[in-house]
Amino acid sequence: MNPAEMTQAAPSLLALFWAGVIAFSIFVYVVLDGFDLGVGMLFGTTRDRDLRDEMMGAISPFWDGNETWLVVVGASLFAAFPAVYAIFLPAFYLPVLLLLIGLIFRGVAFEFRGRGGPSSIWSTGFWLGSGVVAFVQGAAVGAMILGVDVRNGQFAGGPFDWLRPLPVLTGIGLMFGYGLLGAGWLILKSPTRLRDWAYQRAPFLAIGMAVSLLLASLLTAIQAHGVMTRLVERPWAAGFFVVGLIALGGVLRGIARRRDAQPFAFTILFFLAAFGFLAAAFWPYMIPYSVTVASAAAPDKSLSFLFWGAGVVALPVVLIYSVVIHAVFRGKLQISGH
Amino acid sequence: MALDPLILSRIQFAFVVSFHIIFPSFTIGLAAWLATIEGMSLVTGRPVYRRVFDFWLKVFALSFAMGVVSGIVMAFQFGTNWSVLAERTGSIQGPLLGYEAFTAFLLEASFFGIMLLGRDRTPRWFYFFSCCMVALGTMASSYWILANNSWMQVPLGHKIVDGKIIPDDWKAILLGPVQLIRWPHMLLGAFLTTSMCVAATGAWHRLRNEAWEESHVMLDWGLGLAAVLIPAQILLGHVAGDLVHKYQPAKFAAIEARWHDEQPASEVLVAWPDERAGKNLYAISVPDLGSFIASGTWDSKEVGVDSFPAQDRPPVVVPFWAFRIMFGMGLAILAISWLGLVLRTLGWLEHARWFLWLTLFSFPTGFIAVLCGWFTAEVGRQPWVVYGLLRTKDAVTPSLTTPVAAASLIAYILVYALIYGFGAVYFHRLMRDGLTQKTRAAAGYDFYAERP
């Protein structure tokens with residue numbers, strides 16, 4: 008710990024617990040909604056009706072529960088770290104707007120697409136919405152790396168602060184990354200030619216992801232001094248790069264050898280490595296580089312009130328539900344030939 | 004009125020919440036209705052209940068999806084447009100809304116999956132149990148939302164430290180008198196909304212001379228439930244009014260369009276409140292009745308709007324009219340449901356076409372009542388966002404600019420117009436054909452249907 012950090016108050020155990028919950032939920036969300044957003048984007052790259060229907064089928068029982076984790080993140084953030092909520096959302100006002108509109112179009116597409124009428128609107132809304140959601144989430148990460156302008160506990164920058172080269176690169180990187188997760192999911196779930204179709208696309212997605220993240224890393228090294236000072240202090244963070252490279256190798260090897268579970272599993276490992284790297288670069292800040300976990304935490308009376316109901320009871324239920332829904336609908340899709 | 008970020012944010016919030024509330028107020032009742040019908044199906048074994056259930060399940064799925072997407076938008080607005088509110092009151096509102104998301108939404112969302120896809124994969128008792136859990140989940144969800152809103156209306160159990168409003172006594176926040184009345188008031192509003200929609204759907208099919216058995220069930224249950232619930236609702240509404248009288252006198256004066264202190268106070272039945280002049284045009288009032296409604300005595304002194312400082316006065320026209328429309332809808336539901344009971348007893352219900360038409364066109368009564376109830380509560384609370392503690396104008400996001408606020412408002416209006424426009428078409432189609440012909444399942448679900 009460096010002297011600057013030692014002068015700051017240490018976060019309470021409860022604050023650490025909720026920071027952990029939020030970090031964990033973000034990661035679960037990224038993996039789970041990541042694959043259905045990825046499938047959503049892949050949906051836009053074909054006009055083949057059978058492939059499209061099967062793609063919808065591969066994610067329809069899951070997407071709702073997957074998206075729940077975003078609600079968990081938002082709710083925990085507002086509840087446990089209202090100061091972060093009050094800065095983050097205004098700082099990303101336009102991306103959040105795009106995110107919500109993307110989620111709306113994607114969400115109603117599941118209900119509306121099969122009901123007749125102009126299904127092309129909902130199909131387009133589905134893939135376009137998925138792409139926009141993926142892009143703005145990635146861009147938010149890049150913008151956080153560059154730091155957020157905060158004065159007196161409120162965002163003090165402009166509406167387009169987030170729209171710079173690095174966020175654009177991380178946005179594109181996450182689109183590729185989600186696309187790869189989606190392809191991995193389809194490989195895992197599909198027994199038909201959709202699997203072959205996904206196998207063909209997966210290497211391009213993996214390479215696209217790797218290249219855009221490599222460029223983003225170079226830009227980070229040049230532009231983001233906050234991140235760099237932190238990484239110099241924490242040289243072990245370079246280990247995440249190594250894990251990321253190994254994971255990428257695992258993805259490509261799995262594709263080459265046609266091991267159906269491997270691309271998806273190693274893509275998750277890749278995301279875990281990227282996530283660990285970001286955590287090492289940001290800690291103890293929640294809003295880089297102005298708001299720490301300790302300074303943003305709600306009073307203990309709020310955190311403990313939330314802990315007993317949400318932390319001890321509800322959160323495990325969500326987890327169990329996520330496991331159960333994936334277990335109930337486990338295995339390959341059954342094509343009923345309708 | 005300048006188009007600044009404040010007014011644009013207020014319009015945006017009002018717009019989004021007005022569209023959103025239509026769906027929860029429908030799905031809370033619908034979830035309970037589905038659990039009831041599934042229970043009836045389990046107990047009696049009559050196939051008609053299963054057909055009615057399957058029909059309303061499709062309606063539920065559509066409204067639930069639209070409620071979820073518009074609800075997510077709601078939750079984020081606290082941060083995007085009202086960041087000072089989020090920062091100053093987040094340690095109270097955050098956990099309340101957090102609990103809503105955690106306990107209720109998750110319960111709904113998880114068991115909802117079983118309701119939608121698990122009929123053939125789960126034992127019957129577990130399926131029924133899932134229906135009950137979804138119903139409980141929607142009700143729990145409304146508890147937290149109402150707890151949050153009731154706290155904004157009448158803040159209790161808090162203290163102020165360094166300008167932040169933080170929790171001091173959660174019991175007072177969760178179980179305050181205002182919350183314990185407003186929550187059941189909202190629940191009954193939702194049940195009545197659904198009852199009238201169920202009855203109207205039954206009447207529609209009866210008028211088209213189709214789905215005879217199903218329409219019979221819907222008319223009986225819809226009108227029957229409404230007839231039983233509406234007196235309780237009127238009573239609860241009265242108690243809720245007493246609480247407004249006690250805790251939010253300025254709002255009470257606005258609802259009554261009472262401009263000056265009066266003793267004894269008259270009751271304005273209808274009028275056009277002229278806010279600028281501070282008086283009522285074309286008023287029809289009853290002497291002394293205002294005192295009686297407010298206090299139960301015929302000669303109490305009641306305060307008027309002008310006894311509050313100008314900067315603390317709420318608007319008058321909206322609360323005044325919204326309250327009267329809500330109350331009028333309640334009376335209409337009372338009249339129609341009780342008339343339905345009489346006709347049922349006489350055995351004329353399904354032959355009195357005029358009554359079936361009346362029932363059909365009464366489908367929006369509940370929605371209008373719920374919306375107007377919210378307008379009364381929310382507009383009447385102004386100029387405060389947290390009553391007496393934080394003004395609306397001080398709660399808006401400081402970094403928000405007019406073009407950005409305007410762009411988001413326009414974007415929401417366009418998106419909602421598209422989504423809800425088509426949603427309305429699909430609802431209409433589903434209501435019309437859902438019972439009489441097999442509609443194609445939403446794409447995708449059938450991929451898992453044939454798993455053993």
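These protein sequence lines are chains A and B, in that order.
Take 8 as the starting number for the first sequence in our numbering and just add one per residue.
Take 4 as the starting number for the second sequence in our numbering and just add one per residue.
Glycine residues also receive a C-beta, built at the ideal position from the N, C-alpha and C atoms.
For clarity, every value in this text was computed on a predicted model and none was experimentally measured.
(request) Would you verify that the beta carbon of Val-71(B) is, or is not, closer than 8 Å to some beta carbon of chain A? (result) yes
(request) Under the assumption that Ser-86(B) contacts Val-19(B) (Cβ atoms under 8 Å), give the Cβ distance between them as a whole number of angstroms. (result) Rounded, the Cβ-Cβ distance is 17 Å, inconsistent with contact.
(message) Rounding to the nearest angstrom, what Cα-Cα distance links Leu-279(A) and Gly-184(A) in this structure?
(response) 12 Å
(message) In the DSSP output, which residue or residues are listed as bridge partners for Asp-203(A)?
(response) Partner(s): none; Asp-203(A) has no beta bridge.
(message) Using the Cβ count rule (16 or more neighbours within 10 Å means buried), how would you classify Tyr-285(B)?
(response) exposed
(message) If you measure between the beta carbons of Met-48(A) and Gly-160(A), is that distance less than 8 Å?
(response) no
(request) To the nearest angstrom, report how far apart Leu-255(A) and Leu-120(B) are at their CA atoms. (result) 36 Å
(message) Which residue marks the beginning of the beta strand (DSSP E) containing Ser-288(B), and which one marks its end?
(response) 282 to 289
(message) Suppose contacts are defined by Cβ-Cβ distances below 8 Å. Is Leu-100(B) in contact with Trp-59(B) by that definition?
(response) no
(message) Just to confirm the assignment: which complete alpha helix (DSSP H) runs, minimum length 4, are found wholly within the segment 84 to 158 of chain B?
(response) 86 to 102, 109 to 120 and 127 to 156
(request) Assign Glu-213(B) to one of two classes, buried (16 or more other C-beta atoms within 10 Å of its C-beta) or exposed (fewer than that). (result) exposed
(request) Give the straight-line distance between the Cα atoms of Ser-32(A) and Ala-104(B), rounded to the nearest whole angstrom. (result) 13 Å
(request) Give the interface partners of Leu-100(B) over in chain A, defined as CB-CB distance under 8 Å, in chain order. (result) Ala-82, Phe-85 and Ala-86
(message) Quick test of your reading: Ile-332(A) and Pro-68(A), contact by CB under 8 Å. State the CB separation rounded to the nearest angstrom.
(response) 7 Å
(request) Would you decide whether Leu-153(A) is buried or exposed? Buried here means 16 or more other CB atoms lie within 10 Å of its CB. (result) buried
(request) Identify the continuous alpha helix (DSSP H) that holds Asp-55(A) and give its terminal residues. (result) Run containing Asp-55(A): none; DSSP gives neither H nor E here.
(message) Tell me whether the segment 356 to 367 of chain B and the segment 113 to 133 of chain B touch, counting them as touching only if at least three CB pairs, one residue from each stretch, are closer than 8 Å.
(response) no
(message) Tell me which residues share the same chain as Leu-310(A) and place their Cβ nearer than 7 Å to its Cβ, disregarding the 5 neighbours each side in the sequence.
(response) Leu-21, Ala-22, Trp-25, Ala-87 and Ala-304
(request) Measure how close the beta-carbons of Thr-66(A) and Val-80(A) come, nearest whole angstrom, since I'm counting them as under 8 Å. (result) Reading the sequence as shown, one finds Ile at residue 66(A) and not Thr. Not quite, the Cβ-Cβ distance comes to about 20 Å (not below 8 Å), so this is no contact.
(request) Following the continuous alpha helix (DSSP H) through Thr-267(A), name the residue where it begins and the one where it ends. (result) Reading off the sequence, residue 267(A) comes out as Asp, not Thr. From DSSP, Asp-267(A) is part of no alpha helix (DSSP H); its letter is neither H nor E.
(request) Answer with yes or no whether the minimum CB distance from Pro-27(B) to chain A is below 8 Å. (result) no
(request) Indicate the three-state DSSP secondary structure (helix, strand or coil) for His-161(B) in the structure shown. (result) strand
(request) Note down, one range per segment and in chain order, each alpha helix (DSSP H) of at least 4 residues found wholly within the segment 19 to 71 of chain A. (result) 20 to 50 and 56 to 66
(message) I want to verify the contact list: residues of chain B whose CB lies under 8 Å from the CB of Ser-309(A), in sequence order.
(response) Ser-94, Ile-95, Gly-97, Pro-98, Ile-169 and Pro-170
(message) On the DSSP bridge list, what partners appear for Asp-475(B)?
(response) No answer is possible for residue 475(B): it lies beyond the span of chain B, which begins at 4 and ends at 455.
(message) Strictly below 9 Å CB to CB, what residues from chain A border Leu-90(B)?
(response) Reading the sequence as shown, one finds Glu at residue 90(B) and not Leu. Those are Pro-89, Ala-90, Tyr-92, Ala-93, Ile-94, Gly-160 and Gln-161, listed as they occur along chain A.
(request) Measuring alpha carbon to alpha carbon, tell me which of Gly-333(B), Pro-312(B) and Ala-38(B) ends up nearest Ala-235(B). (result) Gly-333(B)
(request) Can you give me, in chain order, the residues of the segment 10 to 43 of chain A that have a beta carbon less than 7 Å from any beta carbon in chain B? (result) none
(request) Name, please, each residue of chain A whose Cβ falls closer than 8 Å to the Cβ of Tyr-130(B). (result) Going along chain A, no residue has its Cβ under 8 Å from Tyr-130(B), so there is no contact; the nearest lies around 13 Å.
(request) Please go through the same chain and pick out, in chain order, the residues whose beta-carbon is closer than 7 Å to the beta-carbon of Lys-282(B), but skip the five residues on each side of it. (result) Trp-262
(message) If we define contact as Cβ-Cβ less than 8 Å, is Arg-54(A) a contact residue for chain B?
(response) no
(message) Please state the DSSP three-state secondary structure of Thr-75(A).
(response) helix
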